[in-house]
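**Q** Which chain is which? The protein sequence lines are A, B, C and D, in order. Going by the numbering used here, the first residue of the first sequence is number 229, and it counts up by one from there. Going by the numbering used here, the first residue of the second sequence is number 1080, and it counts up by one from there. Going by the numbering used here, the first residue of the third sequence is number 39, and it counts up by one from there. Going by the numbering used here, the first residue of the fourth sequence is number 2, and it counts up by one from there. I have a structure here, written as structure tokens, and I will follow up with some questions on it.
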Amino acid sequence: MRNNFIFIILFMLGLYALIMKTNLIKNVIGLNIMEASIFFWVIAFSDVGGEVAIHKMGEEFSKFNDPVPQALTLTGIVIGASTAALLLTLIIELNQFTDTIDRDEIEGLNN
Amino acid sequence: MALLWQQFLASFSFESYFPLLAEVGVILTLITALAAWNYIKEYKFWYYILTLIYLISTVVVILTTDWFFFLFAWEMVTLTTTFLLAWSSWKLVKQYFVIQFTGSSILLFAALAANALGYTEIAAIDSVLLQFVLIIGMATKSGIFIFHFWLPPIHSEAPSPVSAILSGWVVKLGYIFLLKIIPIESGNTMLYLLGIAMVVYGGWQAVRSADLKIMLAYSTVSQLGFIALAIGTGGELAFLGAVLFIIAHGFAKTTLFITSGILQREYGSRVVYDFKGAIFKRPLTSLAVIISFLSLAGLVFSAGYNAKYLISSAQLPGLLTKVVFFGFALISAIYSLRILYWIFIVDEDYSNFADKLKKALNSYQIYSTDILAILFGTLGVLIVAFWPEMPGDMLEYLVDYDFNIIAGVRDSIIYILLAVYLIHNNAGFKVKVRDHLSLERYLRSALDFIFSMSRKNVKFDTDKIFETVFYNTIFNTSKKIHDFFYQDLTIQLLWIPVFLSILLLWQQIYSYF
Amino acid sequence: MMETRIILLIIVPLGTAFIIPFIDLINAKLRRFFVLLGISIQIFNLTSIVVQYFDQIRDGSLFLQYHLGGWQPPFGINLVMDNLSFLFIAIVTLSLLFIIIYSIGYVGHHEGKFYVLYFIIIAASNGAMLTGDLFNMYVFIELLTIASGALIAFQRSHPGSEAAIKYLFYNIIAGSLIFFGVLLTYFNLGTLTMADVANNFAALESGIQLFITAIFLTALLIKMGVFPFLFWLPKSYDSSPAPVTAVLSGVLSKIYLYLFIRLIWTVIGFETIVALNLNILLIDIALFSSFLGHVFALQANNIKRLLGYSSIGHIGMIFAVIMLNTEAGFYGGILHIIAHMFMKAGLFVACGYLLQYTVSNHYRDFKGVGLRDKPVFIAFIILLLSMIGMPPLLGFASKWFILMAFLEAQSYFGAFIVIFGSLTAVIYYLRYIAKGFEEVRLSEDDLKMEVFNQPLLSVLYREKIVTFITYAYTAVIIIFGFGFRFLNIPLRMSIESIMNVERYIELVLGG
Amino acid sequence: MHKYLKKTLVISVFILTAIALYENFLLVPEYTGLRTGVSDYIISSGLSDTGSLNLITAVLYDYRAFDSLGESTVIFGAVSGIVLILSRKMLPVSSRGLSFIVKRTFGLVTPFIALFSLYVITHGHLSPGGGFQGGVILAVISIIFSIVYGSAFDYRRYSPQVKTAMETMGAFTFLGLGVVGILMEGFFLKNLGFLTARTGTLISAGSIPYVNFGVGIKVGAGLAIIFYSMIQKTFKEDF
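Here's what the structure looks like:
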């Protein structure tokens, strides 16, 4: 339950930064917080009190955490990083034209 | 695929007079195609391809009983005729297309409603409301009164062979459709009244105009009124009259529009007064004009007479009917005979008549296809005039029918005398030479008329009104809606949590309502 | 049935995308050869599948599978091709082939990068349509987002980067929601295979069903551009170059519609949606979206934006008619998906050609465009007529079936929206057609100025290829307009595969 | 719209959404134990199936290797897009770098960083790590170079062409191993059994180390390209 709470708070914070802040870089940060909240939740939720799912040589099989969500989260992180990089690039490009990264001053984003 | 083709073939019905009408349509199209050979100079190939598609589509429209194929074929007719108009000007295309499309959408809706109400095939429809909707759609497409406003400007501005197609046959498709859906027993009162209005209004406008093509276009309105009136009356006799009228008017109007093209080319004018002495200069053309106009006027021994006689005898007998029909016939006679009057006037020096005739005959050689077209058209008019029962078994009922030639001759003489008197004095008509008739001007004058009724002496900028009604209101309204939703990125993105929470709480919300 | 060729449908374009930068380093002139090689292998592959399984496609029993890495479905990723995905892959591939030939004539600078991203889109679209695994679907959706986002900014103009940023904002949110939904499904059912999820989804508690459904629906509505989330769509259609817009509107929105059908009918199950009372809500939202799209289009002063708005209208209509869950609805909907795919892509392609010398896409600059190149403009008009729904063209047939479906389901609001859409379309398209035929007098110097105002893209046009593709689209519209019954069998069979979920589950998990 | 009104609206919507999410999370049962299903199977027989001690790597590069291929394509696409968008720029020859001490120290450390990244890449199937993680460390070398030695140093050492070639090569390693899987074992991305030696050694787990290697190179080169594209400056004379 604690995990869910923290997830909701982080998710809402990220969404708030994305929606309400006018600085485009801050928006991207918000987007990343939002994604990170989901990753965090997945890892925390799949924790059943076991170990990381890596066998150790000479040791017997003990209680493992689920490896699948961890692998999926790894994929998600990489994808999130790539999209963030693309977005930041576009913001750099837009800055060349407008000399600002403030959303309120860039009329074209609204329509 | 085979399924569609079989369904298509199975949808054809060859009952009663519809095959005859389809045949006539084909003949008329061929006649106009003949006339177009010299008239159409550019992209001749495409013109004939379009005409071919048009030809096939008209046959389908007339014969099919399936709503889908009917609408499909009719839209094909609309499209092809729209493209044919492109040979004159783009503006006409635009206007024609908008109007026809509006009619089509009403018709589409009506067809779907008919389908939903159980009329899965095109046949007589009992529901008055449905009839009403169908007539409205048909009125827009075929120019029944109130919705006729587009017809004279477009028919008069189109190139002559295209006018011949439009006026000769395309507008009649609507009436053929009405023949199918209006029950023969009861008729339709609204249509009847509209028909009367059309006859009077179209006739009056035709009398007032001296431009040949505009006059022809208005006379189309007037004559179509007779068909609407006949269908509205109901009864076998009236329907037969309507069919005969459609055929007769088709031949006559096609011929007349083609001749108007010839005359326009030879005289360099469209005004009736310029055709002085045409009978001597262009005997063959003039003869065709004379015969066709006699048919339009409904004088005895003409195609129009037979049809009008059938229609009038289907009415309730009585003095009023007689008087009313007498008036109708007189109106047609006036505008028809006026041009004959001018054709016969001779005020030129004909000392070397033989040379001139020779010159004229030479020019006939060049335009031989035109002459052929006129001859065929005139032949059609004559056949309907003298052997109305000839077209086949469909009209066998007419074999025994007594057309009362004596009364016809009597009436005709009265018409001629009255008409010649009125024309000769030229009083009271205020004949106007309108060289150009456009839809905008037409609508503007209508708007002027409406506003002049409500507020006297206020000059409206009708251009502005036109713009406002058709465009600015729509534009501004949608602009307002657009701006309301597109506030800024924050509000736009805010829809995401809003929508998400609505969906997440949907069970509570749903149970609450 | 295990079939290696369906994995080739994904890895051949992927390999082409990987090889192009390498080719650029060696000899840039070879690039086009590899591009054409890649796309022709793709076409050959698809054709050979059609030829071999023709009978199964005809009687609707087509079912090809591929287990990646040899793992059985619940443990590994599987690819599935049934009639529905086959139909979509076939038309998407045809459309993408047209656009790639067009872009050979269109794209000047940075052609190599363009093709890399373009082939990634081909691979990802095929992957998204073939996959039978939820997480794999998420990966391919993200791939589509990245590639299309970069392509929107391809011209490197001010509006282009704005549009791409807006596009990415919306689509990354949608992507992370899909990720969240997939993991939520996994935590509740312990599996990621679509068939396995479908098998067990009905057994879940209705609250959790709603949770998962709500997350997926929100994400897909964002991706499709239906009402509350339509704001990114016109902007990105307007600002991207013509082939990219054709891909965006012609292909991407249709892929999301496909995924929507897959998720709602196969995975979640339409009964669940009905049990959650969501279907009426969704139909109403979609129809409202359609209405708004057409209303917005009335005020658009920019032809590409206008087409974007009308796309919203059409997608909303398709969405609503599919949500009716009747056979007639699917028939009309999928037929209109095909029709709209070709019409819109053709229109954008023609726009790209017609607007090459104009200063902007604005209405006033549209003046005289038609006179400059009449044949292409006539093709453009034919495509517009098809959008309006004029009879001999494909747009009429599909709209007719949609109308019939709405009337059959007694959804009169839907029927009204279809007719309303056609009527408003007449008003907003005729404005542009009339403007296109207005005469404009330009001196030689003006023309030169216009050319130099544009980025260099337009100077390097290969006009013949571009014109040819425009005609090809028009020809498709006309041919299928007369012969839309050619599509009868594939449509019926794909509807059968939508409706028959049990068979899908059984075949995936059993074989 | 007034600023505070907007803020109030946004916050109230957020509170609503938070409540909605909370309500729905109440319904989701705790993930108390492993169910019978995918994860159970993978934990019990993952080692014997793939020969990889690290089960997460086993999932990433064997059970769900196709996802990883898609994922590396995402990086590939992002790199292409970024290079495309920023290609009108040129690299400013900025500072001469940091002080001599830093340069020297970093020069000494560099091989060890490279070795570490290689270790992380190649031991992905035995211990935490793998291609992506090691690739990021590899990219760090390039980034620190530009900080310490000035931006042009790395640019001259490893030109963009070399990086692109490396990236393409990495991608092709992955794809090629998949195709080899088709040719030799009948399935795309099937683990190549003949490469497996004794479990627990470096050469084990079939093709997983090789895939890791390809992904490592690809990610390293890709991230370096992204970094260099981003620090470039606008080419003013262009157009």
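We put the CB at the ideal spot given by N, CA and C, even for glycine.
What are the partner residues of residue 104 (chain C), as DSSP defines its beta bridges?
**A** C:117, per the DSSP bridge assignment.
**Q** Could you check the C-alpha separation between residue 399 (chain C) and residue 164 (chain D) for me, to the nearest Å?
**A** For residue 399 (chain C) and residue 164 (chain D), the gap between their C-alpha atoms comes out near 39 Å.
**Q** Helix, strand or coil for residue 40 (chain C), going by three-state DSSP, please let me know.
**A** In the structure shown, residue 40 (chain C) sits in a strand (DSSP, three-state: E or B).
**Q** Could you have a look at residue 292 (chain A) and say whether DSSP puts it in helix, strand or coil?
**A** strand
**Q** For a test of the three-state rule: what should DSSP assign to residue 29 (chain D), helix, strand or coil?
**A** Coil at residue 29 (chain D), not helix or strand.
**Q** Can you pull out the residues from the segment 59–77 of chain D whose beta carbon lies closer than 8 Å to at least one beta carbon of chain C?
**A** 63, 64, 65, 66, 67, 68, 70, 71, 72, 74, 75 and 77
**Q** What's the call for residue 253 (chain A), buried or exposed, on a 16-neighbour Cβ count within 10 Å?
**A** exposed
**Q** Can you check which of these residues, B:1309, B:1452, B:1453 and B:1416, is closest to residue 1395 (chain B) by C-alpha distance?
**A** B:1309
**Q** Out of D:69, D:70, D:60 and D:174, state which residue places its alpha-carbon closest to the alpha-carbon of residue 109 (chain C).
**A** Ranking D:69, D:70, D:60 and D:174 by Cα distance to residue 109 (chain C) puts D:60 first.
**Q** Taking the straight line between their C-alpha atoms, what separation do you get for residue 151 (chain D) and residue 232 (chain D)?
**A** 12 Å
**Q** Chain B beta carbons: is any one of them nearer than 8 Å to that of residue 544 (chain C)?
**A** no
**Q** If the criterion is Cβ atoms closer than 8 Å, does the pair residue 237 (chain C) and residue 536 (chain C) meet it?
**A** no
**Q** Ends of the alpha helix (DSSP H) at residue 94 (chain C)?
**A** Start and end: 92–97.
**Q** Do residue 121 (chain C) and residue 531 (chain C) have their C-beta atoms closer together than 8 Å?
**A** yes
**Q** How far does the alpha helix (DSSP H) with residue 217 (chain D) in it extend, from its first residue to its last?
**A** Annotation for residue 217 (chain D): the continuous alpha helix (DSSP H) segment containing it runs 209–231.
**Q** Cα separation between residue 275 (chain A) and residue 224 (chain D)?
**A** 31 Å
**Q** Compare the C-beta of residue 303 (chain A) with all C-beta atoms of chain D and state if any pair is closer than 8 Å.
**A** yes
**Q** Less than 8 Å between the C-beta atoms of residue 1196 (chain B) and residue 1187 (chain B), yes or no?
**A** no
**Q** In angstroms with no decimal places, state the Cα-to-Cα distance between residue 1147 (chain B) and residue 471 (chain C).
**A** 28 Å
**Q** Please compile the residues from chain D whose C-beta is within a distance smaller than 9 Å of the C-beta of residue 273 (chain A).
**A** 29, 31 and 32
**Q** Determine the burial state of residue 1466 (chain B): buried for a count of at least 16 other Cβ atoms within 10 Å of its Cβ, exposed for fewer.
**A** exposed
**Q** Is it a yes or a no for the segment 9–16 of chain D touching the segment 236–251 of chain A, going by three-plus beta-carbon pairs under 8 Å?
**A** yes
**Q** If we cut at 8 Å on Cβ distances, does residue 148 (chain C) have a partner in chain D?
**A** yes
**Q** Out of curiosity, what's the CA-to-CA distance linking residue 1485 (chain B) and residue 1327 (chain B)?
**A** Between the alpha carbons of residue 1485 (chain B) and residue 1327 (chain B) lies a gap of roughly 21 Å.
**Q** So residue 202 (chain C) and residue 318 (chain A) are supposed to be a Cβ contact under 8 Å. How far apart are they, rounded?
**A** 5 Å
**Q** I want to see whether chain C comes within less than 8 Å of residue 191 (chain D), judged by CB atoms only; does it?
**A** Taking 8 Å as the threshold, the shortest C-beta distance from residue 191 (chain D) to chain C falls below it.
**Q** Please tell me whether residue 509 (chain C) has its Cβ less than 8 Å away from any Cβ of chain B.
**A** Cβ-Cβ to chain B under 8 Å: no for residue 509 (chain C).
**Q** Interface residues of chain D around residue 443 (chain C) at Cβ under 9 Å?
**A** The premise fails here: residue 443 (chain C) is roughly 34 Å from chain D at the closest Cβ pair, so nothing lies under 9 Å.
**Q** What three-state label does DSSP hand residue 1091 (chain B) in the structure shown?
**A** strand
**Q** Spell out whether any CB of chain D is found under 8 Å from the CB atom of residue 326 (chain A).
**A** no
**Q** Where does residue 1152 (chain B) land, buried or exposed, given buried means 16+ other C-beta within 10 angstroms?
**A** buried
**Q** Report yes if the CB atom of residue 266 (chain A) is closer than 8 Å to the CB atom of residue 214 (chain C), and no otherwise.
**A** yes
**Q** Per DSSP, what kind of secondary structure is residue 350 (chain C) in: helix, strand or coil?
**A** helix
**Q** Are any of the Cβ atoms in chain D nearer than 8 Å to that of residue 1541 (chain B)?
**A** Legend: pLDDT at residue 1541 (chain B) = 47, less than 50; position of this residue unreliable, value from coordinates given subsequently. Output row for residue 1541 (chain B): interface = no.
**Q** Can you tell me the Cα-Cα spacing of residue 1249 (chain B) and residue 170 (chain C), whole angstroms?
**A** 56 Å
**Q** Residue 227 (chain C) and residue 220 (chain C): beta carbons closer than 8 Å?
**A** no
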